[in-house]
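Numbering-wise (the UniProt record's numbering), the sequence shown opens with residue 1 and increments by one.
The structure appears right after this line, and notes come after that.
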Amino acid sequence: MGSLPESAAADQHQKNGTSTQYPIHPLGPLSAEEISRSANLIRGAWPEGTKFQFKVITLSEPAKVQLIPYLDAEKKGQATSPIDRRSFVGYYIRNTHKLHEAIVNLTQNVVESNVLLGPNVHANGDAEELLAIEEMLTSDPSVLAEVAKLKLPEGAKVVADPWIYGSDGVNEGNFSDEKRLYQCFLYMRDPNNSSMTESCHYAFPLPISPVVDPTTMKVVRIDILPTGLDTKVKPLSPWEPAPPNEYVAEAQAAMRTDLKPLRVVQPEGASFQVSKFSETGHRVSWQKWDFKVGFNQREGMVLYDVHYDSKPLFYRLSLSDMSIPYADPRHPFHKKAAFDLGDVGAGIMANNLGLGCDCLGSIYYISGVLTNSEGQPVDYPNVICIHEQDAGLLWKHTNYRTNKASLVRNRELVLQTILTVSNYEYILAWVFNQAGDVTYEVRATGILSTQPVDRELQKTPHPYGTVVHPGVLATHHQHFFSLRIDPMVAGHGNTVVYDDAVPLARDATTNPHGVGYTVETKAIETSGGFDLDSSRGRVFRITNPAVRNAVNGAPAGYKLQIPSMQPILADADSFHRRRAEFADRSVYVTRYAEGELFSGGQYTNQSRGGTGVRTWAQRQESLAGGDPVVWAQFGINHVPRIEDFPVMPCEVLRVTMRPVNFFDRNPALDVAPSTQDFNQSVLLNGAGRNGGGCGANGNGANGSIILNGQAWQAAAKFWPARMGPCGTAKHAKHSRKMHGEFSPKDGSVGLHKQASGGHDWQNRDKTPHRPGSSIG
Numbered sequence: 001m002g003s004l005p006e007s008a009a010a011d012q013h014q015k016n017g018t019s020t021q022y023p024i025h026p027l028g029p030l031s032a033e034e035i036s037r038s039a040n041l042i043r044g045a046w047p048e049g050t051k052f053q054f055k056v057i058t059l060s061e062p063a064k065v066q067l068i069p070y071l072d073a074e075k076k077g078q079a080t081s082p083i084d085r086r087s088f089v090g091y092y093i094r095n096t097h098k099l100h101e102a103i104v105n106l107t108q109n110v111v112e113s114n115v116l117l118g119p120n121v122h123a124n125g126d127a128e129e130l131l132a133i134e135e136m137l138t139s140d141p142s143v144l145a146e147v148a149k150l151k152l153p154e155g156a157k158v159v160a161d162p163w164i165y166g167s168d169g170v171n172e173g174n175f176s177d178e179k180r181l182y183q184c185f186l187y188m189r190d191p192n193n194s195s196m197t198e199s200c201h202y203a204f205p206l207p208i209s210p211v212v213d214p215t216t217m218k219v220v221r222i223d224i225l226p227t228g229l230d231t232k233v234k235p236l237s238p239w240e241p242a243p244p245n246e247y248v249a250e251a252q253a254a255m256r257t258d259l260k261p262l263r264v265v266q267p268e269g270a271s272f273q274v275s276k277f278s279e280t281g282h283r284v285s286w287q288k289w290d291f292k293v294g295f296n297q298r299e300g301m302v303l304y305d306v307h308y309d310s311k312p313l314f315y316r317l318s319l320s321d322m323s324i325p326y327a328d329p330r331h332p333f334h335k336k337a338a339f340d341l342g343d344v345g346a347g348i349m350a351n352n353l354g355l356g357c358d359c360l361g362s363i364y365y366i367s368g369v370l371t372n373s374e375g376q377p378v379d380y381p382n383v384i385c386i387h388e389q390d391a392g393l394l395w396k397h398t399n400y401r402t403n404k405a406s407l408v409r410n411r412e413l414v415l416q417t418i419l420t421v422s423n424y425e426y427i428l429a430w431v432f433n434q435a436g437d438v439t440y441e442v443r444a445t446g447i448l449s450t451q452p453v454d455r456e457l458q459k460t461p462h463p464y465g466t467v468v469h470p471g472v473l474a475t476h477h478q479h480f481f482s483l484r485i486d487p488m489v490a491g492h493g494n495t496v497v498y499d500d501a502v503p504l505a506r507d508a509t510t511n512p513h514g515v516g517y518t519v520e521t522k523a524i525e526t527s528g529g530f531d532l533d534s535s536r537g538r539v540f541r542i543t544n545p546a547v548r549n550a551v552n553g554a555p556a557g558y559k560l561q562i563p564s565m566q567p568i569l570a571d572a573d574s575f576h577r578r579r580a581e582f583a584d585r586s587v588y589v590t591r592y593a594e595g596e597l598f599s600g601g602q603y604t605n606q607s608r609g610g611t612g613v614r615t616w617a618q619r620q621e622s623l624a625g626g627d628p629v630v631w632a633q634f635g636i637n638h639v640p641r642i643e644d645f646p647v648m649p650c651e652v653l654r655v656t657m658r659p660v661n662f663f664d665r666n667p668a669l670d671v672a673p674s675t676q677d678f679n680q681s682v683l684l685n686g687a688g689r690n691g692g693g694c695g696a697n698g699n700g701a702n703g704s705i706i707l708n709g710q711a712w713q714a715a716a717k718f719w720p721a722r723m724g725p726c727g728t729a730k731h732a733k734h735s736r737k738m739h740g741e742f743s744p745k746d747g748s749v750g751l752h753k754q755a756s757g758g759h760d761w762q763n764r765d766k767t768p769h770r771p772g773s774s775i776g
């Protein structure tokens, strides 16, 4: 009889009157019980009957000075000193603008601090508010009166997209700047098929934009949008019929029929191992990599304590912030700038990843627990998927004298999460390879945010965007991502430098032919912002001066390969630029300070700037003492194409952290050579065409396998709105499940299955490899 998968085993223990006991760890995300207890302790600090609107209940991470010795002792198998568990709680007194933040000591069961924040500080939005606003707008008399002027077809369904208002520093004179607001943009489903919930309403933008106060749930103003080339606002007139532009498969006239299945088949399972270091925290091991995975409301996926071959590399890695400023300077579009992590949260927006669709192969899912506005824990199933992928060749050389080729394929480990931010999707992934590289990958897809444009301007170039459909303008905008890198490369005491490749002056003795160049290295000694320079091939490195390479004596380090970006185009006095403090430089380096996690500041909703990484860097603190934090920025200037509508093909960005003088030679030399016996490729032309193939025994189009036995039927029942099209019970029936080895003591799941004659995972690096060995 096979062993139970993790979730099923835990359920079985509960049925038997017992429960799995996981260790309490200072980095473990809050459990459901801790979320509930945090909310109850806050309630207990107020008079009975006080109503609360909880915005966030998340782990308050211990101070770094406490965690470093704890993690060091943990690595050495030594006893660890206990650290109190704390939660960070952000909440409103319901139906007021009174925002509080509190620290709750969960070990001592006390509220340690509880502070009322200032009048211009606003919490993030949440799903409850967005849905309530959409519902309210469908019945608000003032909105209905404006919509009636459009004389929409009978039965037309109007849809609202609430946007965070932007900045409250604009002071438009119609209301107090202290109010938290939403600017709502209205659309319509295809009027000929208004019952189709998946209809692309972005093909039918309407020129009406209500402003809503979520505290009172009242419309405070209705803006009529400019639809020409200038700022002129025209009286509302009857809507002009337009064709639909749908993206869902069932709405297409025909689908391609000549694409054959391509399956990721791993007959012996995956080569990675996942265990639990706490009830909600996971530890991942793969090909000498070892790290912890957390999940929270703001950042979503966070990595801690990253090691390669037991060598320390990174203390903490996370996507710190995002900003998407739009280019249309006309009211009210001038305020359109989304801070998706700070305004809402990567955790809140995380998709339930459907088996066989978002990830392929043998997949392990990690779920999260967050809070709703009542302070109740909410399960977020399958928000992170872990799988392996083939990424081409890792290295190769052919000896032309003997024609013998030596080569290794590049197996990668991928941890992926996907956010849906109203119209946009962001596919975010940490990718590890066998040569010591860590890559952060962003794929931007989804649907363009659209606005109405006069029909007669359809073929007239527009200064602020691209016409992508009759009557539909997609505005130019920029995407900025800020990656927070807290290093411990070869240990603590790191420094940051940058290398410039510069030409040597022609010299009759040293450079008589004028071809020489050298590399100049400059240490970053004080906090500040820095730019890439392609003319000098500038590369930033994190080094450890105390750890020298055994071969060449250079300091051990990791370099950052950051794609070039165009800095934010809004001017220095604009709220776009003042708020997105990270969007003007490719690199910021600051001295570590507790609580400085978010490069746009703790509170981005209607922020005014002055609380983010630019401000911190301007302190010009000395980086002596070796505790820098590196903030790497990258992005896209998105000038929309008509091919981006009604749904965009992915735009891909990658930041790679790559070893430099960290190892004494290529660390992937011990990866077994790729062989046909191992890979089983199929020849399509000539002899061997009918040989055995990798995809011969897959199920379904992709043949994916779930490794930790999620109950898909249950997920479909309780989370219908969060299920992807492949996450249905019908699809699950055709998918295979692989049960790992479940240990009740630590919840670990052994995912690597030893091949006959192959190597044990734990000892593979100590054992001579041979061609055809199963080493993953």
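For each residue, glycine too, the CB sits at the ideal point set by N, CA and C.
Contacting residues, own chain, Cβ-Cβ under 8 angstroms from residue i (five flanking each side not counted)
i      : result
Ile133 : Ala160, Pro162, Tyr182, Cys184, Val212, Pro214, Met217
Ser318 : Glu299, Met301, Val302, Leu303, Leu483, Arg484, Leu597
Asn423 : Asp161, Tyr202, Gly446, Ile447, Leu448, Ser449
Cβ-Cβ distance between residue i and residue j below 9 angstroms
i           : j      : result
Val158      : Leu186 : yes
Tyr588      : Gln633 : yes
Pro470      : Ser31  : no
Ala251      : Pro243 : no
Lys311      : Phe662 : yes
Val442      : Arg585 : no
residue 777 : Ser599 : Look at the range of the chain in this structure, 1 to 776, and you will see that residue 777 is not part of it.
Ala338      : Thr417 : no
His387      : Ala270 : yes
Arg298      : Leu259 : no
Pro667      : Gly392 : no
Ala254      : Phe645 : no
Pro628      : Ile524 : yes
Ile384      : Phe295 : yes
Ile642      : Val453 : no
Exposure label - residue i; buried when at least 16 CB within 10 Å
i           : result
Ala429      : buried
Ala123      : buried
Arg579      : buried
Ser564      : exposed
residue 801 : In the structure as shown, the chain starts at 1 and stops at 776, and residue 801 therefore has no counterpart that could be examined.
Asp571      : exposed
Met188      : buried
Thr495      : buried
Pro659      : buried
Asn382      : buried
Gln451      : buried
His513      : exposed
Gly727      : For Gly727, the pLDDT reaches just 36, beneath the cut-off of 50, and the residue's location in the model is therefore unreliable, although a value from the coordinates is still provided. Gly727 is buried by the Cβ-count criterion.
Ser139      : exposed
Own chain residues within Cβ distance below 6 angstroms of residue i, not counting five before or after
i      : result
Pro725 : Low confidence applies to Pro725: its pLDDT is 40, below 50, so where it sits in the model is not reliable, and the reading given next is rough at best. Nothing listed; no residue qualifies.
Gly28  : Ser278, Thr280, Gly281
Selected residue, minimal CA-CA separation from residue i, among the options
i           : options                       : result
Gly361      : Val143, Gln266, Leu448        : Gln266
Val431      : Arg401, Leu99, Trp289, Asp126 : Trp289
Phe540      : His576, Val630, Leu623        : Val630
residue 779 : Thr521, Pro545, Ala550        : The requested residue 779 does not occur in the structure, where the chain is confined to residues 1 to 776.
Phe272      : Tyr498, Val111, Trp286        : Trp286
Val497      : Thr526, Leu67, Leu413         : Thr526
Thr80       : Pro26, Ser38, Ser36, Ala102   : Pro26
Val56       : Gln78, Ile103, Leu67          : Ile103
Cβ-based neighbour list, residue i, same chain, cut-off 7 angstroms, excluding 5 preceding and 5 following
i      : result
Ser373 : Gln53, Phe54, Asp126, Glu128
Leu569 : Gln478
Original post:
Would you call the region 486-501 and the region 457-474 touching, i.e. three or more CB-CB distances under 8 angstroms?
Top reply: No, they do not touch.
Subject >> Contact between the region 142-159 and the region 237-246 (3+ Cβ pairs under 8 angstroms) >> reply: The region 142-159, when compared against the region 237-246, does touch it at the 8 angstroms Cβ threshold.
Original post:
Quick one: any contact between the region 323-331 and the region 79-90, if contact means 3 or more CB pairs under 8 angstroms?
Top reply: With contact defined as three or more Cβ pairs closer than 8 angstroms, the region 323-331 and the region 79-90 are not in contact.
**OP:** Give a yes or no on contact between the region 495-503 and the region 343-362, applying the rule of three or more CB pairs nearer than 8 angstroms.
**Re:** For the pair of segments examined, the region 495-503 was found not to touch the region 343-362: the number of CB pairs separated by less than 8 angstroms stays below three.
**OP:** Spell out a yes or no on whether the region 608-619 and the region 450-462 are touching, meaning 3 or more CB-CB pairs, one atom from each, closer than 8 angstroms.
**Re:** Under the 8 angstroms Cβ criterion, the region 608-619 does not count as touching the region 450-462, having fewer than three qualifying pairs.
Original post:
Counting Cβ pairs closer than 8 angstroms, one from the region 107-115 and one from the region 35-52, do we hit at least three?
Top reply: A contact exists between the region 107-115 and the region 35-52.
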